[in-house]
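Reviewing the structure listed below.
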Amino acid sequence: MKAPSRSVQHWIVPLATLAAWELFGRTGLLPRYLSTPTLILAALWEITLDGELFSALASSLYRVSLGFLLGTGAGVLVGLGAGRLPGVRHFFDPLVSFLYAIPKIAFLPIFLLLFGLGHASKISIIAFSCFFPVFVASRHAVLSVNKVLIWSAQNMGAPPHTMFFRVIIPSAAPQLFAGIRIGLAHAFVILFAAELIGSKAGLATLITEGEEAARFDLMFAGIVCFAVLGFLSDRVLMTIRRRVLRGQIMGTEEQVVR
Amino acid sequence: MTSRALRILANWYSIPLLLLVWQALVAGGIVESRLLPSLTRVWGALVNDIGNGVLLYHTGITLSRAVAGFFFAALIGLPFAAAMGRSETIRNLFEPIFFLGYPVPKIALFPVFTYVFGIGTPSKIAFTFLECLYPIVVTSYLGFRGVQTRLIWTAQNMGASPLVVWWRVFCPAALPSIFSGLRIALPIAIIVVVLTEMIGDSIGLGYYITISSTRFAFANVYAAIVVIGVCRFVLDQAVLALRAHFVHWQRDDQG
Chain A
9 MKAPSRSVQH
19 WIVPLATLAA
29 WELFGRTGLL
39 PRYLSTPTLI
49 LAALWEITLD
59 GELFSALASS
69 LYRVSLGFLL
79 GTGAGVLVGL
89 GAGRLPGVRH
99 FFDPLVSFLY
109 AIPKIAFLPI
119 FLLLFGLGHA
129 SKISIIAFSC
139 FFPVFVASRH
149 AVLSVNKVLI
159 WSAQNMGAPP
169 HTMFFRVIIP
179 SAAPQLFAGI
189 RIGLAHAFVI
199 LFAAELIGSK
209 AGLATLITEG
219 EEAARFDLMF
229 AGIVCFAVLG
239 FLSDRVLMTI
249 RRRVLRGQIM
259 GTEEQVVR
Chain B
4 MTSRALRILA
14 NWYSIPLLLL
24 VWQALVAGGI
34 VESRLLPSLT
44 RVWGALVNDI
54 GNGVLLYHTG
64 ITLSRAVAGF
74 FFAALIGLPF
84 AAAMGRSETI
94 RNLFEPIFFL
104 GYPVPKIALF
114 PVFTYVFGIG
124 TPSKIAFTFL
134 ECLYPIVVTS
144 YLGFRGVQTR
154 LIWTAQNMGA
164 SPLVVWWRVF
174 CPAALPSIFS
184 GLRIALPIAI
194 IVVVLTEMIG
204 DSIGLGYYIT
214 ISSTRFAFAN
224 VYAAIVVIGV
234 CRFVLDQAVL
244 ALRAHFVHWQ
254 RDDQG
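Here the protein sequences come in this chain order: A and B. Following the numbering used here, the numbering of the first sequence begins with 9 at its first residue and continues without gaps. Following the numbering used here, the numbering of the second sequence begins with 4 at its first residue and continues without gaps.
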């Protein structure tokens, strides 16, 4: 009796919002720039058919995935290195603690001048901004690995690579994923801003085009695609996390944040 | 004393080293000085624009927007999180919005905000409010939910009225989570304001960066970056000081 009413309650607010939006939009109580859900769906269908959606999606996806992978890869590698080797740590710590505090988007003009208006400037600034949260999380994760685990492995004669792949990486993995998740969120924010400020292709450009043509249904279609893309990437990351951390999640109460 | 100086040097050498490399690259003409202005020029731009008040003016605008959005998000988000933590109906109604909406990149909605609130200050504050609301509500809601029922029972058992339970048990127990939510949200506020100012405005640090870069005055871009870093550091210290005051039973390194 309890369970169905709960899942019904979950749907009330989102559905009521959509219904009110549609209703007030149709009766003209809402300004025209808010469009209506059905018009947005129609616009989505329209840009799917004429291929505009796919070219915009392909370009945005290419930028965000490459930037994210480069930034995350570098962040994990350098972060693990900094966690293990004091020399690396002492070199990167001051730089990161200084740069971490600055919104990376402020560097966009410099990246635009360096790499031009095409893919390269977006990819590099996305990578740049993903690097920091991932670095901080993995550095911290390695340093907080239980010393007893390391001592036991050493005691049993584990060679360095076994130590790294069988002890350090597995116990650092949960924190690594937390950092990567923040990096992913940053990647989408930066992608959007970078595409809005200097770009000729991508989902953000789709949104501005809709805006300029006063086709607000198209603008919202672009917004919906962008939001869904960000949401799905997070879901994919969380699924990978659940696979990788299967053993560690088992038996513990997963946080409410799914 | 010398060993202490050496240790500081060993821990911090990379910043002066990087600055030296920067200066050497510029002096040696290896990179275009237009793109990477010399440190003295960055410093000059910083001192000049602070002196004539331009940078202070834009910083004031950006900071007031960020703090306003952050403040409203805390003002509305915290009671909301408390209500979600206590009432099952409210929790069921709003949990999907906050937990499913959390990973959605809300920045995509900014164009809509400019239509609803105009391109000036109101849309920046409203959007900062939205971006700060999520971490504040989610983090402090988890804190409110995590309050041990045992504590509440104990207080009730000792005859505490509902109001006293709220004020003396429930809120203090959630306070550490509330502060970590605030600490996550504050830098987001600054990032979001600078970012939206870069997208479109005629005042604020984000605008200052954009306009300086279109004039190829990159020394001013770097000067603004330094100012943003200082602001963020100061605000973070302010939240930490508030936390130390209100959550005096929790040590600093636990947060």
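We put the CB at the ideal spot given by N, CA and C, even for glycine. For clarity, every value in this text was computed on a predicted model and none was experimentally measured.
{"Asked": "Where R89/B meets chain A, residues with beta-carbon distance less than 9 Å", "Found": "Going along chain A, no residue has its Cβ under 9 Å from R89/B, so there is no contact; the nearest lies around 15 Å."}
{"Asked": "Closer than 7 Å at the beta carbon, the chain B residues around D242/A", "Found": "P106"}
{"Asked": "Alpha helix (DSSP H) segment containing V87/B, residue limits", "Found": "This sequence places Met at residue 87/B; Val is not what is there. Its alpha helix (DSSP H) spans residues V57 to R89."}
{"Asked": "Helix, strand or coil at E203/A according to DSSP, with G and I counted as helix", "Found": "helix"}
{"Asked": "Three-state class that DSSP yields for D256/B in the structure shown", "Found": "The pLDDT assigned to D256/B is 48, lower than 50, so where the model puts this residue is not dependable; a value taken from the coordinates is nonetheless given after this. Here D256/B sits in helix by DSSP."}
{"Asked": "Residue span of the alpha helix (DSSP H) that contains R243/A, given as start and end", "Found": "F224 to V252"}
{"Asked": "C-beta neighbour in chain B for M227/A, strict 8 Å", "Found": "yes"}
{"Asked": "Any C-beta of chain B under 8 Å from that of R266/A", "Found": "Note that R266/A scores 41 on pLDDT, short of 50, meaning its location in the model is unreliable; the coordinates nonetheless yield the value given after this. Yes, its Cβ sits closer than 8 Å to a Cβ of chain B."}
{"Asked": "Chain B contact residues for G36/A, given Cβ-Cβ distances below 8 Å", "Found": "Result: empty, since nearest Cβ-Cβ is about 16 Å, beyond 8 Å."}
{"Asked": "Boundaries of the alpha helix (DSSP H) in which L21/B is found, first to last residue", "Found": "S17 to A30"}
{"Asked": "Alpha carbon of L211/A to alpha carbon of L198/B, nearest angstrom", "Found": "18 Å"}
{"Asked": "Residue ranges of each alpha helix (DSSP H) within the segment 33-120 of chain A, 4 or longer", "Found": "45-57, 60-92 and 94-107"}
{"Asked": "Closer than 7 Å: Q17/A CB and nearest the ligand GDP heavy atom", "Found": "The ligand GDP is absent from the structure shown, which contains no ligand whatsoever."}
{"Asked": "Member of I187/B, F101/B, I11/B and G149/B whose CA lies at the smallest distance from the CA of A177/B", "Found": "G149/B"}
{"Asked": "Residue-level contact to chain B via CB, F239/A, 8 Å cutoff", "Found": "yes"}
{"Asked": "Under the three-state DSSP convention, the category G191/A falls into", "Found": "helix"}
{"Asked": "Environment of M201/B [buried if 16+ CB atoms lie within 10 Å]", "Found": "buried"}
{"Asked": "Reference V224/B, options T131/B, A77/B, A8/B and H61/B, closest by Cα", "Found": "H61/B"}
{"Asked": "Nonlocal neighbours in the same chain, by C-beta distance under 7 Å from V195/B, ignoring five residues either side", "Found": "F130, T131 and E134"}
{"Asked": "Exposure of V150/A, with buried meaning 16 or more beta-carbon neighbours within 10 Å", "Found": "buried"}
{"Asked": "Touch test, the segment 202-220 of chain A against the segment 121-136 of chain A, Cβ-Cβ under 8 Å, three pairs minimum", "Found": "yes"}
{"Asked": "Meets three-Cβ-pair contact criterion under 8 Å: the segment 138-158 of chain A and the segment 171-186 of chain A", "Found": "yes"}
{"Asked": "The segment 91-110 of chain B contacting the segment 168-177 of chain B, beta-carbon criterion three pairs below 8 Å", "Found": "no"}
{"Asked": "Chain A within 8 Å of L185/B, Cβ atoms only", "Found": "no"}
{"Asked": "Exposed unless 16 or more other CB atoms sit within 10 angstroms - verdict on Q256/A", "Found": "exposed"}
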